[in-house]
Structures are given as C-alpha cells and as structure tokens.
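Q: Sequential numbering from 255 applies to the sequence shown in the numbering used here.
Ideal placement from N, C-alpha and C gives every residue a C-beta, glycine not left out.
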Amino acid sequence: MWKFLQYITNNEARSRHEEVFDAIFWVIETLALILGIWILLAKHISEWIPFLVIEYCWAMDNLRHNRP
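Below is the structure:
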C-alpha cells in the first residue's frame with residue numbers, strides 16, 4: 255500500500271518534501287470527493303459534482319508536482 259501511495263503522490267524518483275503528508279493528503283482528498291459526491295446525490299443537486307471533480311484534479315496535480 256505504501257508503494258502505491260508513493261507512486262500516486264509523487265512524479266519523481268525521490269520526493270522533495272514529506273511523503274507521509276502527501277499520502278495523508280491524498281487519502282483525505284479522495285474521501286472528501288467520494289463523500290461530497292454522495293452528499294450531493296442524496297440532496298439531488300448533482301450539478302455541483304463537476305466542481306468537486308475539478309477541485310480534486312487540481313489538488314492531485316498540485317500534489318504530484320514536486321514543489322521545493
């Protein structure tokens with residue numbers, strides 16, 4: 255599982271920042287996406303789902319681009 259989290263959160267062979275923080279961030283963001291979609295579907299306001307997905311993609315893009 256750790257190898258998967260390292261792969262999904264990093265686009266370089268060696269990360270330039272905290273790998274544990276990245277893994278926790280990925281888990282929280284993924285759970286927020288799933289829970290958010292579930293809540294929006296339950297409340298019948300699914301037009302906001304694309305915004306959640308865009309936010310998730312933006313967060314993952316920022317996570318994978320190693321910042322100094």
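Among the candidates E283, I293, W302, whose CA atom is the shortest distance from the CA of D315?
A: E283
Q: Based on Cα-Cα distance, which residue from L259, I278, L306 lies nearest to L289?
A: L306
Q: Would A296 be called buried (16 or more neighbouring beta carbons within 10 Å of its own) or exposed?
A: exposed
Q: DSSP state of I299, grouped into three classes?
A: coil
Q: Once DSSP output is grouped into helix, strand and coil, what is the label at M314?
A: M314 sits in a helix when the DSSP states are folded into three classes.
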